[in-house]
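Student:
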Amino acid sequence: KVIQEEKIKEAEAIVTETKQKEELGIEEASTIMKMLQEHLGAESGEPIKVTEENITKLREAAKTNRQKEIIEDIIKSAKSLENIDGEVIVYKDNAGFQKAMDAIEKGHLAEITGGFRNTKTGDIYYNLPAMGRTTVTHEVGHAWTETIRKSNPEKYQAMEDKVYDLVKQTPEYAGVLDF
Numbered sequence: 002k003v004i005q006e007e008k009i010k011e012a013e014a015i016v017t018e019t020k021q022k023e024e025l026g027i028e029e030a031s032t033i034m035k036m037l038q039e040h041l042g043a044e045s046g047e048p049i050k051v052t053e054e055n056i057t058k059l060r061e062a063a064k065t066n067r068q069k070e071i072i073e074d075i076i077k078s079a080k081s082l083e084n085i086d087g088e089v090i091v092y093k094d095n096a097g098f099q100k101a102m103d104a105i106e107k108g109h110l111a112e113i114t115g116g117f118r119n120t121k122t123g124d125i126y127y128n129l130p131a132m133g134r135t136t137v138t139h140e141v142g143h144a145w146t147e148t149i150r151k152s153n154p155e156k157y158q159a160m161e162d163k164v165y166d167l168v169k170q171t172p173e174y175a176g177v178l179d180f
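Its first residue numbered 2, the sequence shown is counted upward by one per residue in my numbering.
#1: Tell me whether Val91 sits in a helix, a strand or coil according to DSSP, three-state version.
#2: Using only the alpha-carbon positions, how far apart do Ile105 and Lys93 sit?
#3: On a Cα-Cα basis, can you pick out the residue from Thr52, Met132, Ala63, Ile113 that is closest to Glu88?
#4: At 4 residues or longer, and completely inside the stretch 57–143: list those alpha helix (DSSP H) runs for me, N to C.
#5: Taking buried to mean at least 16 other C-beta atoms within 10 Å of its own C-beta, is Asn95 buried or exposed?
#6: Is it buried or exposed, Glu24, if we count other Cβ atoms within 10 angstroms and call 16 or more buried?
#7: Looking at C-beta atoms only, is the number of pairs between the stretch 131–139 and the stretch 68–85 that lie closer than 8 Å three or more?
#8: Does the distance from the CB of Lys121 to the CB of Ile90 come in under 7 Å?
#9: Can you tell me where the alpha helix (DSSP H) with Pro154 in it begins and where it stops?
#10: With which residues is Ile49 paired in a DSSP beta bridge?
#11: Under 8 Å by Cβ, that's how I've got Ile85 and Gly123 pegged, so tell me the actual separation to the nearest angstrom.
#12: Mind reading off the beta-carbon distance from Glu140 to Gly108? Whole number of angstroms is fine, and I expect it under 8 Å.
#13: Short check: CB of Ala62 to CB of Lys69, under 7 Å?
#14: For Tyr126 versus Ala101, is the C-beta distance shorter than 7 Å?
#15: If I'm right that Ala111 touches Phe98 with Cβ under 8 Å, what's the distance once you round it to whole angstroms?
#16: Give the straight-line distance between the Cα atoms of Tyr157 and Glu83, rounded to the nearest whole angstrom.
#17: Which whole-angstrom value is the C-beta distance of Arg67 and Ala14, which I expect to be below 8 Å?
Right, here's the structure in full:
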């Protein structure tokens, strides 16, 4: 039931955002169309590195209310990553994000991938058009978890054991442990 309620909230947010995009005249081409356009000379938008100097650019990149909320989450979370290796980079279009992902690891589809963390560099890449409410927490969680795993293996193991126990005790999620 909890999962179903979250999915319904996410679907409602997508419907609201789609309406806002229509009202703002934002048209979303598929990744393949954007790559074709780029091949024919159209350029994908430049990514924005999350820095103090780029806060205004980041806020201007957000067009819908949902994107504005997500950008604020990215800005806040980037501060928590200041002492962790890697940069945080936001893509405003699927085609640019697809290129970045393909350069690191093939097999991801930008239109449904809101974020990606390069485990070699620690860089976090966000795809603003495809991000959901939990994407920032998810990607930042990878960085925090990896930092704890490297700096304090005992603490990491205790966290992993606790998560396993919580999942095991939650009927909606217990099935994921059966793999």
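For glycine and all other residues, C-beta sits at the position ideal for the given N, C-alpha and C.
Tutor: In terms of the structure at hand:
#1: Strand.
#2: When rounded, the distance between both Cα atoms is 19 Å.
#3: Cα-wise, what sits closest to Glu88 is Thr52.
#4: The stretch 57–143 is shown to contain whole alpha helix (DSSP H) runs of 4 or more residues at 66–81, 95–105, in chain order.
#5: Per the 10 Å Cβ criterion, buried.
#6: Result: exposed.
#7: Yes: at least three Cβ pairs fall under 8 Å.
#8: Between Lys121 and Ile90, the gap from beta carbon to beta carbon reaches 7 Å or more.
#9: It spans 154–170 - the alpha helix (DSSP H) in which Pro154 sits, taken as one unbroken run.
#10: Answer is Val91, bridged to Ile49.
#11: 6 Å between Cβ atoms; contact.
#12: The pair is not a contact, with the Cβ atoms about 18 Å apart (cut-off 8 Å).
#13: Contact annotation: Ala62 and Lys69 have beta-carbon atoms that are not nearer than 7 Å.
#14: Yes, the Cβ-Cβ distance between Tyr126 and Ala101 is below 7 Å.
#15: Cβ-Cβ separation between Ala111 and Phe98: approximately 5 Å, consistent with a contact (criterion under 8 Å).
#16: The straight-line gap from Cα to Cα measures roughly 20 Å.
#17: Indeed they touch by this definition, with Cβ atoms about 6 Å apart.
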